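Notes to accompany the following structure.
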Amino acid sequence: MSILAPAVPGLVWAYHFRPGSAPCTRLPLDAARSDLDVAEGFLWLHLNLADTRVTAFLENFPGLTPPAIAALTTHDTHAAITLDEQLVYGTLVDFQREFDSDTRDIGWLHFFVSDRVIITTRLQPLRSIDRARAAIEKNASRYRQPIDVFETLVAEFQRTLISLVMELTEELNLIEDFVYDNAPRDERRRLAPVRRTVVRLHRHLRTVLTLMRRAAAADGDEMPPGFDDAASRLVGRLEAVDHDVYALQERARLLHEEIDSKLSSETNRHLYILSLMTAFLLPPTLVTGFFGMNTSSLPFAEGVGGTAYALGLIVLSVLAAWWLLRRVGIL
Numbered sequence: 005m006s007i008l009a010p011a012v013p014g015l016v017w018a019y020h021f022r023p024g025s026a027p028c029t030r031l032p033l034d035a036a037r038s039d040l041d042v043a044e045g046f047l048w049l050h051l052n053l054a055d056t057r058v059t060a061f062l063e064n065f066p067g068l069t070p071p072a073i074a075a076l077t078t079h080d081t082h083a084a085i086t087l088d089e090q091l092v093y094g095t096l097v098d099f100q101r102e103f104d105s106d107t108r109d110i111g112w113l114h115f116f117v118s119d120r121v122i123i124t125t126r127l128q129p130l131r132s133i134d135r136a137r138a139a140i141e142k143n144a145s146r147y148r149q150p151i152d153v154f155e156t157l158v159a160e161f162q163r164t165l166i167s168l169v170m171e172l173t174e175e176l177n178l179i180e181d182f183v184y185d186n187a188p189r190d191e192r193r194r195l196a197p198v199r200r201t202v203v204r205l206h207r208h209l210r211t212v213l214t215l216m217r218r219a220a221a222a223d224g225d226e227m228p229p230g231f232d233d234a235a236s237r238l239v240g241r242l243e244a245v246d247h248d249v250y251a252l253q254e255r256a257r258l259l260h261e262e263i264d265s266k267l268s269s270e271t272n273r274h275l276y277i278l279s280l281m282t283a284f285l286l287p288p289t290l291v292t293g294f295f296g297m298n299t300s301s302l303p304f305a306e307g308v309g310g311t312a313y314a315l316g317l318i319v320l321s322v323l324a325a326w327w328l329l330r331r332v333g334i335l
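Using the numbering used here, the letters of the sequence shown correspond one by one to residues 5 to 335.
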C-alpha cells in the first residue's frame with residue numbers, strides 16, 4: 005500500500021480494542037481497508053481533516069448516517085452533542101497544541117460513537133486527545149466499549165481545563181501582588197489577556213456542560229450502551245471545574261475593578277494637586293497682571309522700590325490663598 009494513496013486518508017492513528025490478553029493494538033498508518041473490518045471488539049479511528057479525501061472515505065464507511073458524516077467533517081466552531089438511534093456524534097471544544105508546546109487557542113474535535121467504532125476528526129493537533137491516547141496506551145484493558153474512549157476524551161478535556169486554571173491562577177497571583185503593592189502600577193495590559201482567556205473558557209465550558217446534561221436526560225432508547233452512566237460522571241466532572249473557572253472569572257473581574265479604583269484614586273490625587281497649584285498661583289497672577297497693564301498712574305509706577313512692593317503683594321496673596329484654603333477645610 006502506498007503512503008501517497010493510503011486506504012484510510014488522513015489517518016493519524018487507529019486502535020483495535022479487543023477482549024483478551026492483548027486488549028489494544030495500534031494499526032499501521034498504511035493499514036488496508038480490510039484491516040478496519042474487525043470481527044470482535046471495536047475500532048478507534050482518528051483522522052486529520054486537512055486531507056480533503058477524508059469526506060469521501062467517511063461517506064463510504066459503514067454505519068455512518070448523513071448527519072453523522074456532516075458532524076465529522078464540519079468546520080463550525082461551536083460545540084454540539086446529538087443522540088440518534090443509539091449513536092452519539094457532534095463537536096467538542098479542545099485546545100490546540102504545537103509540535104513542541106501547548107497553546108491556549110481553541111480547537112474543535114468532531115466525534116462519532118456507535119457500538120462498534122469511535123471516529124474522531126480534527127483540523128489542528130489538540131491537547132486533550134493526545135493525552136487520551138497516552139492514557140489508552142498506558143492502560144488499555146479498561147476500555148471495553150467505544151463510549152469508554154469518549155468518556156476519556158471529555159475527562160482529559162476537563163483535566164486540561166484544570167491545568168489551565170492553575171496556570172491562570174498563578175498569573176493572577178503575580179498581577180495581584182503588583183496591584184496591592186504600594187507603588188502604583190497599571191496592570192490592565194497584563195490582566196486583559198487573562199480575562200479574555202477565562203471568559204472564553206467559561207463560555208465554552210458552560211456550553212459543553214449544558215449539552216452533556218441535555219444528552220444525559222435523553223430517552224434511554226436513543227443512548228448507546230453505557231452512555232447514561234458515562235454522561236452522569238462527566239456532568240459531575242464538568243460541574244466541578246465550572247465552579248473553579250467561574251471563581252477565577254470573578255477574581256479577574258474584581259482585580260480589574262481594583263485596578264480601575266486605584267487608577268481613579270491616583271487621577272483624583274493629581275487633579276487635587278493641580279487644583280491646589282491653581283489656587284496658589286491665581287492671586288500672584290492677578291498681581292502680575294495688574295502691574296503689567298499698559299495703564300498710566302499705576303501704584304508704585306513712580307519712584308524706587310516698585311518691584312519690591314509687587315513681590316510683597318505676591319507673597320501676601322499666596323499667604324492669603326493658603327489661609328483661605330485652610331479656613332474652608334481644603335488643606
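Beta carbons are placed, not taken as given, at the ideal position from N, Cα and C, and that holds for glycine. Only a predicted model underlies this, so the values are computations on that prediction, with no experimental measurement involved.
Residue i burial status per 10 Å Cβ neighbour count (16 or more: buried)
| i | result |
| --- | --- |
| PRO23 | exposed |
| VAL245 | buried |
| GLY94 | buried |
| SER132 | buried |
| SER6 | Confidence at SER6 is low in this model, with a pLDDT of 49, below 50, so its placement is unreliable and the value that follows should be read with caution. Flag for SER6 reads exposed. |
| PRO287 | buried |
| PRO70 | exposed |
| PRO229 | exposed |
| PRO45 | First, the residue type needs correcting, since residue 45 is Gly and not Pro in the sequence shown. Label assigned to GLY45: buried. |
| THR214 | exposed |
| LEU278 | exposed |
| THR271 | exposed |
| PRO10 | buried |
| MET227 | buried |
| PRO197 | exposed |
Reduced DSSP secondary structure (H/G/I, E/B, other) of residue i
| i | result |
| --- | --- |
| THR271 | helix |
| LEU87 | strand |
| TYR19 | strand |
| ASP92 | The identity of residue 92 in the sequence shown is Val, whereas the question assumes Asp. Of the three classes helix, strand and coil, the one that applies to VAL92 here is strand, per DSSP. |
| GLN128 | coil |
| ASP98 | strand |
| THR289 | helix |
| THR78 | coil |
| SER6 | Because the pLDDT of SER6 is 49, which lies under 50, any placement of that residue in the model is unreliable, and the number read from its coordinates should be weighed accordingly. Note: SER6 maps to coil in three-state DSSP. |
| ARG30 | strand |
| VAL42 | coil |
| VAL1 | Coverage of the chain is limited to positions 5 through 335, which leaves residue 1 absent and any answer about it impossible. |
| ASP225 | helix |
| TYR276 | helix |
| VAL12 | coil |
| GLY230 | coil |
| TYR250 | helix |
| ALA36 | coil |
Element boundaries [alpha helix (DSSP H), containing residue i]
| i | result |
| --- | --- |
| ASP181 | 150-183 |
| HIS208 | 192-220 |
| LEU68 | No alpha helix (DSSP H) holds LEU68; DSSP gives it neither H nor E. |
Residues near residue i in its chain [Cβ-Cβ closer than 8 Å; skip 5 each side]
| i | result |
| --- | --- |
| HIS260 | ARG192, LEU195 and ARG199 |
| ASP98 | ILE110, GLY111, TRP112, LEU113, ARG126, LEU130, ARG131, SER132, ILE133, PHE161 and THR164 |
| ASP104 | none |
| MET216 | ILE85, VAL158, ALA235, LEU238, VAL239 and LEU242 |
| ALA325 | ALA283, PHE284, LEU286 and PRO287 |
| GLY224 | ASP232 |
Beta-carbon proximity of residue i to residue j, cut-off 8 Å
| i | j | result |
| --- | --- | --- |
| VAL117 | GLY67 | no |
| ALA18 | LEU47 | yes |
| ARG101 | PRO129 | yes |
| LEU87 | ALA222 | yes |
| ALA136 | THR156 | yes |
| TYR250 | HIS206 | yes |
| ALA138 | CYS28 | no |
| LEU176 | ALA235 | no |
| VAL169 | LEU252 | yes |
| HIS50 | THR124 | yes |
| THR211 | ALA75 | no |
| LEU91 | PHE115 | no |
Continuous beta strand (DSSP E) stretch holding residue i: start and end
| i | result |
| --- | --- |
| VAL117 | 106-117 |
| PHE103 | Careful: PHE103 lies outside any beta strand (DSSP E) and carries neither H nor E. |
| LEU53 | Here LEU53 belongs to no beta strand (DSSP E), and DSSP marks it neither H nor E. |
Contacting residues, own chain, Cβ-Cβ under 6 Å from residue i (five flanking each side not counted)
| i | result |
| --- | --- |
| THR13 | A quick correction: the sequence has Pro, not Thr, at residue 13. Answer for PRO13: ASP55, ARG57, VAL58 and PHE61, listed in chain order. |
| LEU33 | LEU15 |
| THR201 | ARG108 |
Residue-chain proximity (residue i, chain B), Cβ-Cβ < 8 Å
| i | result |
| --- | --- |
| PRO70 | Protein chain content of the structure displayed is limited to a single chain, and chain B is not contained in it. |
Same chain, Cβ closer than 7 Å to residue i, neighbours up to 5 away in sequence not counted
| i | result |
| --- | --- |
| ARG330 | none |
| THR81 | TRP112 |
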